[in-house]
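K.L.:
Right, I'll just put the structure down here and ask away after.
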Amino acid sequence: MCGRYSFALSEGQVKEHFNNVEIAHLWRTSYNIAPTQHAFVITNDQPQKLQYLAWGLVPYWSNDGKNKGKLINARMEGIESRPSFRMPIREKRCLVLADSYYEWKQYGTQKRPYRIMLNNQPLMVMAGIWDAWNQGGYLVKTFSIITAPSSPDVAHIHSRMPVILDTKEKQAAWLGNINLSEIKRILGSLEANRLKSYPVSAKINSTSYDEPENHVEVPEIPDLFS
DNA sequence: CCAGACGTTGTT
DNA sequence: GTCTGG
DNA sequence: CCAGACGTTGTT
DNA sequence: GTCTGG
Numbered sequence: 081m082c083g084r085y086s087f088a089l090s091e092g093q094v095k096e097h098f099n100n101v102e103i104a105h106l107w108r109t110s111y112n113i114a115p116t117q118h119a120f121v122i123t124n125d126q127p128q129k130l131q132y133l134a135w136g137l138v139p140y141w142s143n144d145g146k147n148k149g150k151l152i153n154a155r156m157e158g159i160e161s162r163p164s165f166r167m168p169i170r171e172k173r174c175l176v177l178a179d180s181y182y183e184w185k186q187y188g189t190q191k192r193p194y195r196i197m198l199n200n201q202p203l204m205v206m207a208g209i210w211d212a213w214n215q216g217g218y219l220v221k222t223f224s225i226i227t228a229p230s231s232p233d234v235a236h237i238h239s240r241m242p243v244i245l246d247t248k249e250k251q252a253a254w255l256g257n258i259n260l261s262e263i264k265r266i267l268g269s270l271e272a273n274r275l276k277s278y279p280v281s282a283k284i285n286s287t288s289y290d291e292p293e294n295h296v297e298v299p300e301i302p303d304l305f306s
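Under this note's numbering, the residues of the first sequence are numbered 81 to 306, in order.
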């Protein structure tokens with residue numbers, strides 16, 4: 081799945097990739113982005129600017145925000161018929177900007193975090209959906225990251241992963257007017273050998289630990305049972 | 001019909 | 001064990 | 001995702 | 001808003 085990620089790139093890198101996109105918020109980077117926190121996305125209705133939205137989709141029909149913080153991921157399988165996602169997947173798609181995501185691998189009763197990124201570019205764009213709900217007169221926009229079965233590259237770490245849009249063509253299409261079959265095709269289009277990964281310090285477990293150290297590789301623990 | 005959920009992950 | 005907060 | 005709380009009363 | 005369960 082994708083329950084933690086990082087975005088520590090420069091404004092210049094992002095403006096260059098997205099053709100001088102407007103940055104409608106104070107520039108923020110983080111080595112440890114957690115659910116409920118805000119992060120940069122580009123939505124299909126305003127593709128010319130970066131927006132800073134809360135991670136954890138709250139559907140437009142929510143009166144009380146009871147699902148707040150729960151809908152951080154949306155499974156691509158059957159997404160078109162889920163009450164919370166059926167409208168957003170058709171009308172409210174977004175690009176979620178990252179440089180890597182973190183995944184915890186189970187070792188018996190222990191867990192160890194890994195960093196996963198594209199093997200040939202610093203920017204990792206994940207496929208998201210967004211929505212806006214009315215919280216007592218304020219329009220609050222939130223987003224969720226779509227997940228898929230893991231690529232063989234990272235299946236040894238975890239069985240699911242975020243959908244990664246690894247080309248500008250896919251990113252543009254994701255924000256365009258496309259139909260459901262095109263949407264599903266893009267969601268399943270990541271080829272093999274596009275990702276690399278390595279273990280990182282368990283200091284990232286703490287959401288308040290937002291340091292460059294989170295990107296530093298640590299030694300692999302020998303598997304006693306292999 | 002109304003009431004209540006609406007999600008993912010992993011584990012049993 | 002399960003929920004909430006980050 | 002993980003970490004940390006998980007409760008009440010009364011007082012500051 | 002829309003689906004599922006009773």
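The beta carbon of each residue, even a glycine, is placed where N, CA and C say it ideally should be.
In whole angstroms, give me the CA-to-CA distance for residue 212 and residue 301.
P.N.:
Rounded to the nearest angstrom, the two C-alpha atoms are 44 angstroms apart.
K.L.:
Just mark residue 315 as buried or exposed, buried being the case when its beta carbon has 16 or more other beta carbons within 10 Å.
P.N.:
Residue 315 lies beyond the stretch modelled for the chain, which goes from 81 to 306, so this question has no answer here.
K.L.:
Does the beta-carbon distance from residue 100 to residue 174 come in below 9 angstroms?
P.N.:
In this structure, residue 174 does not lie closer than 9 angstroms to residue 100 by Cβ.
K.L.:
Rounded to whole angstroms, what's the CA-CA distance from residue 127 to residue 255? Just pull it up for me.
P.N.:
Looking at the two C-alpha atoms, the distance is approximately 7 angstroms.
K.L.:
Please confirm whether residue 234 and residue 194 have their CB atoms less than 9 angstroms apart.
P.N.:
Yes, they are a contact pair.
K.L.:
Starting from residue 170, follow the alpha helix (DSSP H) in both directions and report where the run begins and ends.
P.N.:
166-171 is the extent of the alpha helix (DSSP H) around residue 170.
K.L.:
Roughly how far, in whole angstroms, is the beta-carbon of residue 227 from the beta-carbon of residue 155, given that I think they are within contact range, below 8 angstroms?
P.N.:
Going by Cβ atoms, the distance from residue 227 to residue 155 rounds to 6 angstroms, so yes, they are a contact pair.
K.L.:
On a Cα-Cα basis, can you pick out the residue from 265, 271 and 289 that is closest to residue 346?
P.N.:
Outside the modelled stretch of the chain, which goes from 81 to 306, sits residue 346, for which no answer is possible.
K.L.:
Going by C-alpha to C-alpha distance, which of 217, 191, 199 and 266 sits closest to residue 280?
P.N.:
Per the Cα distances, 191.
K.L.:
Could you check where the beta strand (DSSP E) with residue 186 kicks off and where it finishes?
P.N.:
That run of the beta strand (DSSP E) goes 180-187.
K.L.:
Cα separation between residue 133 and residue 236?
P.N.:
Residue 133 and residue 236: Cα-Cα distance of roughly 31 angstroms.
K.L.:
Among 204, 216, 214 and 219, which has the Cα closest to the Cα of residue 225?
P.N.:
Ranking the options by Cα distance to residue 225, first place goes to 204.
K.L.:
Thinking C-alpha only, which one of 287, 247, 292 and 299 is nearest residue 113?
P.N.:
Of the listed residues, the one whose Cα sits closest to residue 113 is 287.
K.L.:
If I measure Cβ to Cβ from residue 169 and keep anything under 7 angstroms in the same chain, skipping five residues before and after, which residues do I get?
P.N.:
Closer than 7 angstroms at Cβ, skipping near neighbours: 159, 160, 209 and 263.
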